[in-house]
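Protein chains in written order, with the numbering used here: chain A, 1 to 501; chain B, 1 to 712. Have a look at the structure below, then the notes.
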């Protein structure tokens, strides 16, 4: 065994032994006891966890749909739908539903004509396009007069809701809010209604908002742009290669019908889960769930995505030229998060690139001082399907991407050549445990985890099995996954290269 | 069968009716139960004999232990020529080791248990926190005490922090939101204000270990520290630990000065920063703001909410929703405890609609003075605050930290209740009054970062007068320190140069030098490894020289002959020197030790005394030699006792990037009675850059004919 190079200061070893001896008597079962679950007749799973320290509660709606489910010509539609879900319902958000619906029909029909004419390309009638654009603007203004804007937000906020928001990932879409616990019924009423009878008002204005979001978060950020290109180079078949926010041209061509199709396919009770954590009574929650969420009709679960990324057959390299400062990243294909190798990959990446004692930080930042920051993480851009483990380095003013690349790959090689000493593996596990316990602190974090495990893993109890999974990892496992996945053939390398402005 | 179908149909029908009864009417008519009573947890306050203030709150929900300290310190206390000192001090106190452990040992210990101890210094306070599983509370407390009381500031970690700071400087123009915020603060507080200024290469380079040690010693005393402890612990046990690790810390005597006041220049003005590679522009408009302790602070909470506080507010409604111009848009009158905040409206928008977004935000600000909040706006703002009030108390961390903050500022513990009562009773007239007293839509500063060529409407259309463009070029590390150039410093500079000339062999001997030749070997440290090269150089003062550089079997020439010369081209052949090259060389002659020393006392050479310093542990005095524009060309560091040269530092362009080069003289040689550098170690921005070793040095050598002709 080659242990020589992974030195652990003697002092730290002693300390660790002490810690293990002190033992750790925290009982997860007590947490599990506070959880009540039930299913509605339409297939919706409801999870309630009681926590009575303060009269508040967190409410989460978790949908098993994300960027990975976007249809090819409508990339980003899962994210658009998340935006549209805040536009209200038939009752909430309008001043005159009938007139509004009619105005929206006009909007849609002009939009479809305009889209069709534009797509004729060189054969398009430019005068007709110009006229349609004028009509379209007019139709948008017409529909806009009936909008009672942001009724959902306003109602939640007036009733004391905080932290209201939603997020779209590659694997999921999640909606959340914290309310004083006596306002639980408000959440049931609004939340069920917005998936049961949503109205996608302000569709075409919101499209522009999303386009701005794309500019702000992706196009204006050279590092985000680089990572986006790294992903698209790494994934040739699987939708993980397309940014969650979607391509600009797709965003500009979204229609109300496309959003509706997506909702009808994926926002069905069997494909969703709701979780409530806080000062609530499970019985009452059950009654409210039946009353409100029970209205959603049962519907077949959507088909799982079948696309599989073919094995990578050689290193890929991506260069982005930009006036900003250099940045280095590289990524390897790794298995999905339910795969038996997942915990070992997590452990490997932790030792390689998380924290000040990681190999990358110690070598590139502390010793060589060629990077101002360096790190690694696994599960990009999602983890439900086989994904990527990524390393990155931010070169210092005097260093280059090339130097960082060499140093990073040297450290990755060490993970293959040298077996980790047992105490280092124990430290990885200790970190995982501390991180797990911290994850139980907030009501909202707890609710998201419970719903997430239920939807993505099939059972919320799996949340409490994660530690067992990581505790089963051995030094040999870590070395084996390093050798198996972190190969040259399996990696994509990306450089942000500085150009003169 | 048939019966079953009918029942099903009835069920569906009923379901349908059910839907009709559960609609919006229900959202408004839901009968909410009363909020469950709960006790706001009690925080115990203890003051130690040495003045340190402790706050305790037990919470046994999870096996976690937290400490959060507030320290009376801040970057406003650092000197203007060492901006970044407080930040680096805060960082290295944690990373640079303590009397008991090295920084790396602390990292290993904490990461081995998944724990965190961090420390940092911000604008007007410092903070330190511990977050560990409750089994490790003693370790957490001991590390905290070591970091706060006994940091040793390892050189290596100082260098690391400085390298990271320089990297941050080099990247600070990469993101338009960062640029916008940084420059905005300068427009509000003045660019030299402690609330706006930021580090530059020169101010980071100027920071030494002694500075860090002194900063820590000056400000870190127990009476300046408040410590909030919460989580899974036993009160008596934890007080034992507090006393064990902090009880013997003697009280210091220093008075910490208050953060300085702000002198704001009320004006209407548009500022523009060009960023051509951006797809969006970032627009800010506003003016100086107020304090949290202002009497109408509660009124301003409602004002903010109506104007720009999220969905439903006037700015978000107009800019984001109605005009579809931006993903993010909002406005906020910011109030701080220590110094005035600012009123700010922000939008990031597509380039074409930049001016429309700015105009819309100004218009909405003006509407606050003329249009009373509607009942809907009032309800949203007031109900929102009042109904969410419970969230001020739902986590022990919020409760204890707020009590600590109020205690620091001497505010009553029930301050939040007072604010709540005011908001319960506030009227639309009060909100308009607050807007009239606090907002000045006719005196707005507008800052736009973006690409003006792609704006649909020019910025001038805002009607706020001519547009001022701000240059955000990052200054080189060249000494930005204000040199005092006057008769006195010139006289002192030449006096020191004369002493140095004597120490190096005598002024008269130097004056006799007309030419010099050298053979030297050089090692350049590059990312590709060390590159050895040899140089043969002949120089006739002031403007003739010939250098033959051999590298990896190749020879390159560099010739200077009066106003002409040749240099190696990219292709490996020779090309003529440009006028710019010639000017640069003439300037750099002022960095040549022989040239400088032979002009000691000669007013033709512009040199000024800078002051004392320390290089590699040697006490020195600096003389700066200036060019025709009175800009420094190089700084000579002479030993304060022997007057021998210790180092020369200067800003220059190199193949490794621009930066400050320091030539450290590590050995001298004597030729023709003159003592001159033999070995010079070169540093670029604090990193090893190479070494020069002179093997032969001849004063006034024979100069061959055609020595300075273009080689064939």
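Virtual Cβ for every residue (Gly too), placed ideally from N, Cα, C.
Residue i - partner residues in DSSP beta bridges
| i | result |
| --- | --- |
| residue 491/A | 332/A |
| residue 663/B | 648/B, 682/B |
| residue 522/B | 533/B, 692/B |
| residue 561/B | 544/B, 564/B |
| residue 226/B | 53/B, 70/B |
| residue 94/A | 147/A |
| residue 554/B | 551/B |
| residue 131/B | 66/B, 116/B |
| residue 167/A | 174/A |
| residue 278/A | 50/A, 57/A |
| residue 231/B | 58/B, 65/B |
Residue i and residue j closer than 8 Å at C-beta
| i | j | result |
| --- | --- | --- |
| residue 322/A | residue 496/A | yes |
| residue 364/B | residue 457/B | no |
| residue 75/B | residue 122/B | yes |
| residue 628/B | residue 648/B | no |
| residue 404/B | residue 630/B | no |
| residue 393/A | residue 378/A | no |
| residue 298/A | residue 64/A | no |
| residue 600/B | residue 625/B | no |
| residue 350/A | residue 52/A | no |
| residue 301/B | residue 308/B | no |
| residue 634/B | residue 622/B | no |
| residue 317/A | residue 234/A | no |
| residue 341/B | residue 290/B | yes |
| residue 558/B | residue 547/B | yes |
Sequence-distant residues of its chain with Cβ nearer than 6 Å to residue i (five each side left out)
| i | result |
| --- | --- |
| residue 530/B | 523 |
| residue 432/A | 470 |
| residue 266/B | 443 |
| residue 268/A | 299 |
Same chain only: Cβ atoms within 7 Å of residue i, ignoring 5 sequence neighbours per side
| i | result |
| --- | --- |
| residue 23/A | Model confidence at residue 23/A stands at a pLDDT of 38, short of 50, so the residue's coordinates are unreliable; what they give is reported in the following sentence. Nothing listed; no residue qualifies. |
| residue 29/B | none |
| residue 706/B | none |
| residue 155/B | 209 |
| residue 319/A | 495, 497 |
| residue 241/A | 231, 232, 234, 235 |
| residue 404/A | 328, 364, 370, 371, 393, 395 |
Residue-level contact to chain B via CB, residue i, 8 Å cutoff
| i | result |
| --- | --- |
| residue 161/A | yes |
| residue 54/A | yes |
| residue 135/A | no |
| residue 212/A | yes |
| residue 92/A | yes |
| residue 87/A | no |
| residue 462/A | no |
Neighbour flag for residue i against chain A, beta carbons, 8 Å
| i | result |
| --- | --- |
| residue 470/B | no |
| residue 312/B | yes |
| residue 545/B | no |
| residue 455/B | no |
| residue 33/B | yes |
| residue 237/B | no |
| residue 241/B | no |
Q.
If the cut-off is 8 Å on Cβ atoms, which residues from the region 677-702 of chain B count as contacting chain A, listed in chain order?
A. Considering only beta carbons, the part of the region 677-702 of chain B lying closer than 8 Å to chain A consists of 684, 685, 687, in chain order.
Q: Check distances from the C-beta atoms of the region 88-119 of chain B to those of chain A and list, in chain order, the residues that come in under 7 Å.
A: Within the region 88-119 of chain B, the qualifying residues are 105, 107, 108, 109, 111, 112, 113, 114, 115.
Q) What residues from the region 143-164 of chain B come within 9 Å of chain A, judged by C-beta to C-beta, listed N to C? A) Legend: CB atoms of the region 143-164 of chain B lying less than 9 Å from CB atoms of chain A belong to residues 156, 157, 159, 160, 163, 164.
Q: Give, in chain order, every residue of the region 347-375 of chain B whose Cβ lies closer than 8 Å to some Cβ of chain A.
A: Of all residues in the region 347-375 of chain B, 348, 349, 350 have a Cβ within less than 8 Å of some Cβ in chain A.
Q: With 9 Å as the C-beta to C-beta threshold (strictly closer), list the residues of the region 49-71 of chain B near chain A in chain order.
A: For the region 49-71 of chain B, which is checked against every Cβ of chain A, the residues closer than 9 Å are 59, 61, 62, 63, 64.
Q | Against chain B: residues of the region 405-430 of chain A by CB proximity under 7 Å | A | Only 427, 430 from the region 405-430 of chain A bring a Cβ to less than 7 Å from some Cβ of chain B.
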